[in-house]
Amino acid sequence: MSASDKQDGKSMNCAEFQEKLPELFESGANVSSEEHVLGCENCAALVRDLEYIASQAKLLLPIHDPSPAVWDNIQSAIRSEKGSGAVPASKRS
Amino acid sequence: MSLAYQTKSSKGLTDKTKRGIFKAGDVRMTAGPTQPKPVQHMRRNPPIAGEAEAIAKAQNGDAQSFEMLYSLHKRRVYSLCLRMLGNVAEAEDLTQEAFLQLYRKIGTFRGDSAFSTWLHRLAVNVVLMHLRKKGLPQVSLEETLEPSQEDGPRKDIGERDLVLSGSLDRVALERAVENLPPGYRLVFVLHDVEGYEHNEIADMLNCSIGNSKSQLHKARMKLRDLLRSGQRKEEIA
Numbered sequence: 001m002s003a004s005d006k007q008d009g010k011s012m013n014c015a016e017f018q019e020k021l022p023e024l025f026e027s028g029a030n031v032s033s034e035e036h037v038l039g040c041e042n043c044a045a046l047v048r049d050l051e052y053i054a055s056q057a058k059l060l061l062p063i064h065d066p067s068p069a070v071w072d073n074i075q076s077a078i079r080s081e082k083g084s085g086a087v088p089a090s091k092r093s
Numbered sequence: 094m095s096l097a098y099q100t101k102s103s104k105g106l107t108d109k110t111k112r113g114i115f116k117a118g119d120v121r122m123t124a125g126p127t128q129p130k131p132v133q134h135m136r137r138n139p140p141i142a143g144e145a146e147a148i149a150k151a152q153n154g155d156a157q158s159f160e161m162l163y164s165l166h167k168r169r170v171y172s173l174c175l176r177m178l179g180n181v182a183e184a185e186d187l188t189q190e191a192f193l194q195l196y197r198k199i200g201t202f203r204g205d206s207a208f209s210t211w212l213h214r215l216a217v218n219v220v221l222m223h224l225r226k227k228g229l230p231q232v233s234l235e236e237t238l239e240p241s242q243e244d245g246p247r248k249d250i251g252e253r254d255l256v257l258s259g260s261l262d263r264v265a266l267e268r269a270v271e272n273l274p275p276g277y278r279l280v281f282v283l284h285d286v287e288g289y290e291h292n293e294i295a296d297m298l299n300c301s302i303g304n305s306k307s308q309l310h311k312a313r314m315k316l317r318d319l320l321r322s323g324q325r326k327e328e329i330a
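One line per chain: the protein sequences are D and B, in this order. Its first residue numbered 1, the first sequence is counted upward by one per residue in the numbering used here. Its first residue numbered 94, the second sequence is counted upward by one per residue in the numbering used here.
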């Protein structure tokens, strides 16, 4: 097995491929079309899943609201800052 | 100072589109003159009707306008805090702190970028500052970003059973993210959910870019483990 065989992925085993995976993702390469992936169902499934997780993460929207007590506390803190003479940046000249 | 940063499209992990956001050093909770460059593309930052007027009025001390800004942005700020911390009480405390910081600093916002981008980064900094104060090493020492061995993702050699693609609901993903070890969760939320780049995350977490990349990969692998074990449990039940 030559060094170039190793590099082009033909002779890469699963452990070697998975070791290289973070770098492949970050390189912008089409990981699904890597030689090893084309011949290995297990690694193909892994790549699909990781891509899927990353794509789904982008769709996570803000869905949680803080309790009303948070705003009450903010108001209270602002009142006490005003009372103590602390001035927000907006009011400084 | 480069403020434009990229996020990924749905095509792949590294196909990126421009988005404007602050770099780590730009908003350090100090009312300095530093302002971001104009936003080129605002993912999740569409213009909000009445926001610009509310900002202007809040900058002049109008309480109702500040309350409006809170109403407009509380969900996003709180969700960010909750995802980064995985704890409701802390997330509420830091949401409060972020809006208090906003109250103090709003006069320094000059509208060169989306307000929500600016506020968002302010909130990220509040959370990270809190974590540092708590002395959690995962945000300052890169070697300790590593969770314990048992928390880490398993290798996937020769293991072929459940495939997630197409079957994942967002509630399950949210739950799995909550269950990530803190170091993994921070990097995953900042990169994959919030769209920050590795160089920005490295700045924020005081770790190397390579470490950020490595943590992200491990986080995704760990998520896959968590999601697949969740699927197995559902199948058994």
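All C-beta atoms, glycine included, are put in the ideal place defined by N, C-alpha and C.
Q: Could you check if B:Lys167 is buried or exposed, using at least 16 other CB atoms within 10 Å of its CB as the buried criterion?
A: In the second sequence, residue 167 of chain B corresponds to position 74, counting from 1. Burial call: buried.
**Q.** Contained alpha helix (DSSP H) runs [length at least 4] in the stretch 11-76 of chain D, N- to C-terminal order
**A.** Fully enclosed alpha helix (DSSP H) runs of 4 or longer: 14-27, 35-38, 41-57.
Q. Of all Cβ atoms in chain B, is any one closer than 8 Å to the Cβ of D:Lys58?
A. The residue labelled residue 58 of chain D in the question sits at position 58 within the first sequence. It does: the Cβ of D:Lys58 has a partner Cβ on chain B nearer than 8 Å.
Q: Please decide whether B:Arg225 counts as near chain D, where near means a Cβ-Cβ distance under 8 Å.
A: Taking the second sequence and counting its residues from 1, one reaches residue 225 of chain B at position 132. Taking a beta-carbon distance threshold of 8 Å, B:Arg225 does not count as an interface residue toward chain D.
**Q.** D:Ser93 (DSSP reduced to helix, strand or coil)
**A.** The sequence position of residue 93 of chain D within the first sequence is 93, counting from 1. With a pLDDT of 41 at D:Ser93, under the threshold of 50, the predicted position of this residue should be treated as unreliable, and no value is reported.
Q) Within 10 angstroms of its Cβ, does D:Leu59 collect 16 or more other Cβ (buried), or is it exposed? A) Along the first sequence, read from residue 1 onward, the residue named residue 59 of chain D stands at position 59. Exposed, because fewer than 16 other Cβ atoms sit within 10 Å of the Cβ of D:Leu59.
Q. Per DSSP, what kind of secondary structure is B:Arg263 in: helix, strand or coil?
A. The sequence position of residue 263 of chain B within the second sequence is 170, counting from 1. The answer is helix: DSSP assigns B:Arg263 an H, G or I state.
Q.
Residues of chain B with CB closer than 7 Å to the CB of D:Pro66, please, in chain order.
A. Translated into the one-based positions of the first sequence, residue 66 of chain D becomes position 66. Residues of chain B passing the Cβ test: Lys167, Tyr171, Glu185, Thr188.
Q) The alpha helix (DSSP H) with B:Asn272 in it runs from where to where? A) Translated into the one-based positions of the second sequence, residue 272 of chain B becomes position 179. Counting along the chain, B:Asn272 falls outside any alpha helix (DSSP H), and DSSP gives it neither H nor E.
(Q) Which residue marks the beginning of the alpha helix (DSSP H) containing B:Asp186, and which one marks its end? (A) For this step, residue 186 of chain B is matched to residue 93 along the second sequence. Unbroken alpha helix (DSSP H) run through B:Asp186: 181-198.
Q: Starting from B:Tyr163, follow the alpha helix (DSSP H) in both directions and report where the run begins and ends.
A: If you number the second sequence from 1, residue 163 of chain B lands on position 70. Looking at the DSSP string, the run of the alpha helix (DSSP H) that includes B:Tyr163 is 156-178.
**Q.** Simplified DSSP assignment, three categories, for D:Ser80
**A.** Here residue 80 of chain D corresponds to residue number 80 of the first sequence, with the count starting at 1. Helix, per DSSP.
Q | Cut-off 6 Å between Cβ atoms - residues of its own chain near B:Asn272, not counting five sequence neighbours on either side | A | Translated into positions along the second sequence, residue 272 of chain B becomes position 179. Result list for B:Asn272: Leu319, in chain order.
**Q.** Under 8 Å from the C-beta of B:Asp285: neighbouring residues of chain D
**A.** Locating residue 285 of chain B in the second sequence gives position 192, where the first residue counts as 1. Simply Ile53, Ala54, Ala57, Lys58.
Q | First through last residue of the alpha helix (DSSP H) which encompasses B:Arg203 | A | Residue mapping note: residue 203 of chain B aligns to position 110 of the second sequence, counting from 1. No alpha helix (DSSP H) holds B:Arg203; DSSP gives it neither H nor E.
Q | Against chain B: residues of the stretch 30-55 of chain D by CB proximity under 9 Å | A | Within the stretch 30-55 of chain D, the qualifying residues are Asn30, Val31, Ser32, Glu41, Asn42, Cys43, Ala45, Leu46, Arg48, Asp49, Leu50, Glu51, Tyr52, Ile53, Ala54, Ser55.
(Q) Does chain B have any CB closer than 8 Å to the CB of D:Glu26? (A) Reading the first sequence from its first residue, position 26 is the one you call residue 26 of chain D. Answer yes: the Cβ-Cβ gap between D:Glu26 and chain B drops below 8 Å somewhere.
**Q.** Alpha carbon of B:Ile148 to alpha carbon of B:Phe159, nearest angstrom
**A.** Here residue 148 of chain B corresponds to residue number 55 of the second sequence, with the count starting at 1. Here residue 159 of chain B corresponds to residue number 66 of the second sequence, with the count starting at 1. Distance between the alpha carbons of B:Ile148 and B:Phe159: 7 Å.
Q) Would you say B:Leu273 reaches chain D, if we count a Cβ-Cβ gap shorter than 8 Å as a contact? A) Residue numbering aside, residue 273 of chain B sits at position 180 when the second sequence is read from its first letter. No, no contact with chain D.
Q: Return the first residue and the last residue of the alpha helix (DSSP H) that B:Asp296 is part of.
A: Sequence index remark: in the second sequence, residue 296 of chain B carries index 203 (1-based). Element bounds for B:Asp296: 291-298.
Q: Compare the C-beta of B:Tyr196 against all C-beta atoms of chain D and say whether one is closer than 8 Å.
A: Counting from 1 along the second sequence, the entry for residue 196 of chain B is found at position 103. It does; some Cβ of chain D falls within 8 Å.
Q. Can a CB atom of chain D be found closer than 8 Å to the CB of B:Phe192?
A. Here residue 192 of chain B corresponds to residue number 99 of the second sequence, with the count starting at 1. Interface residue, yes.
**Q.** As assigned by DSSP and simplified to three states, the class of B:Ala216
**A.** Here residue 216 of chain B is taken as the residue at index 123 of the second sequence, counted from 1. Here B:Ala216 sits in helix by DSSP.
Q | Residues of the stretch 297-314 of chain B whose Cβ lies closer than 8 Å to any Cβ of chain D, in chain order | A | Lys306, Ser307, Leu309, His310, Arg313, Met314
Q: Work out the CA separation of D:Val47 and B:Ala184 for me, nearest whole Å.
A: On the second sequence, position 91 is the one that residue 184 of chain B refers to. On the first sequence, position 47 is the one that residue 47 of chain D refers to. In a straight line, the C-alpha of B:Ala184 is about 33 Å away from that of D:Val47.
Q. According to the neighbour-count rule (16 or more other Cβ atoms, all chains shown, within 10 Å of its Cβ), is B:Ser305 buried or exposed?
A. For the purposes of this step, residue 305 of chain B is identified with residue 212 of the second sequence, where counting begins at 1. Buried, because 16 or more other Cβ atoms sit within 10 Å of the Cβ of B:Ser305.
Q) With 16 other CB atoms within 10 Å as the buried threshold, where does B:Arg176 fall? A) In the second sequence, the residue the question calls residue 176 of chain B occupies position 83. Answer is buried; the Cβ neighbour count reaches 16.
Q: Would you identify the three-state DSSP class for B:Ile114, choosing helix, strand or coil?
A: Indexing the second sequence from 1 puts residue 114 of chain B at position 21. Any answer about B:Ile114 is weak, because its pLDDT of 36 lies below 50 and its placement is not dependable; what the coordinates show is given next. Coil at B:Ile114, not helix or strand.
**Q.** Distance, B:Leu283 Cα to B:Leu173 Cα
**A.** Locating residue 173 of chain B in the second sequence gives position 80, counting from the first residue. Locating residue 283 of chain B in the second sequence gives position 190, counting from the first residue. The straight-line gap from Cα to Cα measures roughly 9 Å.
Q) Closer than 8 Å, CB to CB, is B:Leu319 near chain D or not? A) Along the second sequence, read from residue 1 onward, the residue named residue 319 of chain B stands at position 226. Put simply, the CB of B:Leu319 is far from chain D, with every gap to its CB atoms at 8 Å or more.
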